[in-house]
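Engineer: Quick one: the structure is below, questions incoming.
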Amino acid sequence: AKANGLTPFNYLVFLIEELPKQPKDLDYLMPWNVQVKTVI
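Every letter in the sequence shown is one number past the one before it in this note's numbering, and letter 23, counting from 1, is 172.
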């Protein structure tokens, strides 16, 4: 997360909230995804 400009804690919170909603689309949850940066 840090290497991609994200706060690790906020990224973990995002993962915990989103993983049950997106179990098959793991690319969406990766820290290098541009959409993750806009949500966090």
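Even glycine gets a Cβ: it sits at the ideal position worked out from N, Cα and C.
1) Hey, quick one: how far does the alpha helix (DSSP H) through I165 stretch, first residue to last?
2) Quick check on A150: does DSSP put it in helix, strand or coil?
3) Could you check what DSSP says for Q184 in three-state terms: helix, strand or coil?
4) Evaluate V185 with the Cβ neighbour count: other Cβ atoms within 10 Å of its Cβ, from every protein chain shown; 16 or more gives buried, anything less gives exposed.
Structural biologist: On the basis of the data shown:
1) 157-167
2) coil
3) helix
4) Buried, because 16 or more other Cβ atoms sit within 10 Å of the Cβ of V185.
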